[in-house]
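**Q** One structure, pasted below without further comment.
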Amino acid sequence: MSEPAGDEDARRAAERVARASYGRLVAYLAARTRDLAAAEDALGDALLAALRTWPRDGVPGKPEAWLLTAARNALTDRARHQRVVAASEPVLRRLRQNARPAPASGEFPDERLKLLFVCAHPAIEAGLRAPLMLQTVLGLDAATIARAFLVSPTAMSQRLVRAKARIRDAAARFAVPGARELPQRLDAVLEAVYAAFGLGWDAAPGAGAATGLAEEAIWMARDLVGLLPGEPEALSLLALVLHSHARRAARRSPEGVYIPLSEQDTGRWDAALIAEADALLERAAARGRVGRFQLEAAIQSVHAERARSGRTEWTAIARFYEQLARLAPTLGVRTAQAAAVGEASGPAHGLALLDTLDPKAAGGYQPYWAVRAHLLQRLGRRKPAAAAFDLAIGLSPEPAVRAFLLSKRRALARHGGQ
Amino acid sequence: MRFAMLIYEKPEAFASRANGDDDPYRGAWRVYYQAMTAAGVHVGGDPLDLPATGATVRLADGKRHVQDGPYADTKEQLAGFAVLELPSLEAALEWAARCPAAAAGAVEVRPLAPETKRRITDPEA
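Now the structure itself:
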């Protein structure tokens, strides 16, 4: 038996390798069998085997190649056990076709991009694409994903299992789609990565799993740029998330009070991240094709300018939002556009834009009521402003945002009703 | 679908009921209730009086036991309930996350069981 210290070292080594190469290993294994669940199970077996043998024999020189070989053996064993089941025959055939020994060099092709595209397959419902990527590419467990997406852990885990079955049954091709299909599929991949980032970003700093999710999403966005270096929307997505991430320290006062973007201390922004984001955005703009994420990143870049100039160019931001609203007229974009127009051309113009939104859809959308309250307040319409503040506060799940809006609401009441 | 939202609070939250209208926790409740009403999801429900104001009854070995206060002696106690009409558990969890008690205590969401009720109230059907 090995020393406990050896166990601990081996466990850490296994975790490190798993962390760094989970997605690469799953993608490589599943690209051949097209069975994601089986690939994950096999990798799980391999990790268990590592925990058993590494403390005894030492951590192998090429731990990734070791895990890959063990996982492939587990996969072949499982398929062999199921040989009686006719359904496993195609899997066995594909395994035989790819029966090359695990690359001895420890080098194997990075199939994660294909895995991302599989997760964004049209057969997978849109809302499940980001959770699926987080599990298969990053190896997050279902409970962590469920927490971030506010779903019961059992429901999330069942949905993920069903999604993987659908991929297997549809024999979804592990391939980067051709030129015709690429734009739409890439959009779905970028959407899902951004959704994952947004979940981490919405949560208060220090909210554990959710904050970690933002970093995981940045990791995926970086990978996408590495895999598609010439794709302007991938470059722009990374620029966008880096701009947001650069401000993470400025979003709360030391006491934990929410600070809106326009009141943040620019000294607490991360200048290096902002520079990196702007360089990425320049590369994207040089490709001469404007997309949704490029516009979003451009808006964040204008906000970042305040660190240098001391003021926010709201006219430029409103113009970018106008273009964005033509491209992606979502409730979120149009609400943000109304806020920007309110700053650039006056609150009445912003309010007029808000009034064009579908009240049924906007009624349960917290930012809509927050922007509306702010614009009404600036117009001196205290009573409707107070009512809008109430709804914005009541719809907010974040205590820090709630406290911020409550203080605004109280200040409004102190100035007398109308 | 109907869901019961069971609200659990700590003693401090119960105590805040005695505070004035400017208490932030009470303020949060007031607007949360407004938001539920405005969205048309609130079917019914009420806050419960303090845990110590009630009693718990049980019958064991043919003997009746009555205990002051709540069933379980835990820090967080049932403080109220609301019945919501929503399309899914996810939608109900979203409302639960907005509940002021979610940050100060806990909010349990449970689907109502109308089928069980039907079998009790109308056993012939």
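Heads up: the sequence lines are chains A and B, in that order.
Quick note on numbering: the numbering used here labels position 312 of the first sequence as 317, and the sequence is numbered without any gaps.
Quick note on numbering: the numbering used here labels position 34 of the second sequence as 24, and the sequence is numbered without any gaps.
Built from N, CA and C at the ideal position, the CB exists for glycine as well.
The structure displayed is predicted, hence computed values, not measured ones.
#1: Quick one, are the C-beta atoms of A/Leu137 and A/Ala175 less than 8 Å apart?
#2: What does A/Arg273 touch in chain B if you count any residue whose Cβ is under 7 Å from its own?
#3: Closer than 7 Å by C-beta to B/Pro37: which residues in its own chain qualify, once you throw out the five before and the five after it? Chain order, please.
#4: Can you have a look at B/Ile110 and say buried or exposed, based on whether 16 or more other CB atoms are within 10 angstroms of its CB?
#5: Note down, in chain order, every chain B residue with its Cβ under 9 Å from the Cβ of A/Ser258.
#6: In angstroms with no decimal places, state the Cα-to-Cα distance between B/Ser6 and B/Thr43.
#7: My output table needs one value for B/His55: the three-state DSSP class, helix, strand or coil.
#8: If B/Pro101 sits next to B/Leu79, beta carbons under 8 Å apart, how far is it from one beta carbon to the other, in whole angstroms?
#9: Might you give, ordered along the chain, the residues of its own chain that have their beta carbon closer than 8 Å to the beta carbon of A/Ile398, omitting 5 neighbours on each side?
#10: Could you list the residues in the stretch 146 to 162 of chain A with a C-beta less than 9 Å from some C-beta on chain B, going in chain order?
#11: Is A/Ser258 buried or exposed, if buried means 16 or more other CB atoms sit within 10 Å of its CB?
#12: Please state the DSSP three-state secondary structure of A/Ala222.
#13: With DSSP as the reference, please indicate the residues paired to B/Phe(-7) in a beta bridge.
#14: What's the call for B/Asp39, buried or exposed, on a 16-neighbour Cβ count within 10 Å?
#15: Cutting at 6 Å between CB atoms, please list the residues of its own chain near A/Ala244, excluding the five before and the five after it.
#16: Verify the CB distance criterion: does B/Arg88 have a CB-CB separation below 8 Å to chain A?
#17: Interface residues of chain B around A/Ala408 at Cβ under 9 Å?
#18: For A/Ala75, which residues of its own chain have a beta-carbon under 6 Å away from its beta-carbon, when the five flanking residues on both sides are left out?
#19: Helix, strand or coil for A/His126, going by three-state DSSP, please let me know.
#20: Answer yes or no: does any C-beta atom of chain A fall closer than 8 Å to that of B/Ala82?
#21: Rounded to a whole number of angstroms, what is the C-alpha to C-alpha distance between A/Ala109 and A/Gly132?
#22: Using a Cβ-Cβ cut-off of 8 Å, state whether B/Val116 counts as contacting chain A.
#23: Determine, using beta carbons only, whether A/Leu204 comes closer than 8 Å to chain B.
#24: What number of angstroms, rounded off, separates the C-alpha of A/Val262 from the C-alpha of B/Arg88?
#25: What residue range is occupied by the uninterrupted beta strand (DSSP E) comprising B/Thr46?
#26: How far does the beta strand (DSSP E) with B/Gly35 in it extend, from its first residue to its last?
#27: Against chain A, does B/Gln24 count as a neighbour if the rule is that its beta carbon must be under 8 Å from one of theirs?
#28: Identify each residue in the stretch 113 to 143 of chain A for which the Cβ-Cβ distance to at least one residue of chain B is less than 8 Å, and report them in chain order.
#29: Which of helix, strand or coil does DSSP assign to B/Gly10?
#30: Per DSSP, which one or two residues make a beta bridge with B/Glu(-1)?
#31: Taking C-beta pairs closer than 7 Å, name the residues in chain A that B/Ala29 reaches, listed in chain order.
#32: Measuring straight from C-alpha to C-alpha, what distance separates A/Ala19 and A/Asp270?
#33: Against chain A, with Cβ distances strictly below 8 Å, would B/Leu79 count as a contact?
#34: Going by DSSP in three states, A/Ala176 sits in which element: helix, strand or coil?
#35: Contact criterion: CB-CB distance below 8 Å. Does A/Gly261 meet it with respect to chain B?
#36: Are A/Arg190 and A/Ala290 closer than 8 Å when you measure CB to CB?
**A** If we stick to the structure as given:
#1: 8 Å or more divides the Cβ of A/Leu137 from the Cβ of A/Ala175.
#2: Neighbourhood of A/Arg273 in chain B, by CB distance below 7 Å: empty, with the nearest CB roughly 25 Å away.
#3: The residues are Ala69 and Gly70.
#4: When all chains shown are included, B/Ile110 counts as exposed.
#5: Residues of chain B with a Cβ closer than 9 Å to the Cβ of A/Ser258 do not exist, since the nearest Cβ in that chain sits about 16 Å away.
#6: Cα to Cα, B/Ser6 sits roughly 17 Å from B/Thr43.
#7: B/His55: strand per DSSP, three-state reduction.
#8: Their Cβ separation, rounded to whole angstroms, is 7 Å, which keeps B/Pro101 and B/Leu79 in contact under 8 Å.
#9: The beta carbon of A/Ile398 is closer than 8 Å to those of Arg407, Leu410, Leu411 and Arg414 in its chain, skipping five residues each way along the sequence.
#10: For the stretch 146 to 162 of chain A, the residues whose beta carbon sits under 9 Å from a beta carbon of chain B are, in order, Phe154, Leu155, Val156, Ser157 and Ala160.
#11: By the C-beta density criterion, A/Ser258 is exposed, having fewer than 16 other C-beta atoms within 10 angstroms.
#12: In the structure shown, A/Ala222 sits in a helix (DSSP, three-state: H, G or I).
#13: In DSSP, B/Phe(-7) forms a bridge with B/Leu74 and B/Pro101.
#14: Counting Cβ neighbours within 10 Å, B/Asp39 comes out exposed, since fewer than 16 surround it.
#15: In chain order, Ala282, Leu285, Leu286 and Ala302 place their CB closer than 6 Å to the CB of A/Ala244, counting only its own chain and leaving out the 5 sequence neighbours on each side.
#16: So, interface residue.
#17: Listed along the chain, the chain B residues whose CB falls inside 9 Å of the CB of A/Ala408 are Pro14 and Ala18.
#18: Same-chain partners within the cutoff: Ala51 and Ala54.
#19: In this structure, A/His126 counts as coil in the three-state DSSP scheme.
#20: By this cut-off, B/Ala82 is not an interface position.
#21: The pLDDT assigned to A/Ala109 is 45, lower than 50, so where the model puts this residue is not dependable; a value taken from the coordinates is nonetheless given after this. The straight-line gap from Cα to Cα measures roughly 39 Å.
#22: Outside the shown range of chain B, which is -9 to 115, sits residue 116 of chain B, and nothing can be said about it.
#23: Not flagged as an interface residue toward chain B: A/Leu204, since no C-beta distance is shorter than 8 Å.
#24: Rounded to whole angstroms, A/Val262 to B/Arg88 spans 17 Å at the Cα level.
#25: It spans Ala45 to Ala50 - the beta strand (DSSP E) in which B/Thr46 sits, taken as one unbroken run.
#26: Element bounds for B/Gly35: His32 to Pro37.
#27: Yes, because at least one Cβ of chain A sits closer than 8 Å to the Cβ of B/Gln24.
#28: If the cut-off is 8 Å between Cβ atoms, the stretch 113 to 143 of chain A has nothing near chain B.
#29: Three-state result, B/Gly10: coil.
#30: DSSP output for B/Glu(-1) lists B/Gln67 as bridge partner(s).
#31: Against B/Ala29, the close residues of chain A are Gly368 and Gly369, in the order they occur along the chain (beta-carbon pairs closer than 7 Å).
#32: C-alpha of A/Ala19 to C-alpha of A/Asp270: approximately 41 Å in a straight line.
#33: At least one C-beta of chain A is nearer than 8 Å to the C-beta of B/Leu79.
#34: In this structure, A/Ala176 counts as coil in the three-state DSSP scheme.
#35: No, A/Gly261 lies away from the interface with chain B (no Cβ there is under 8 Å from its Cβ).
#36: For A/Arg190 and A/Ala290, no; Cβs fall outside 8 Å.
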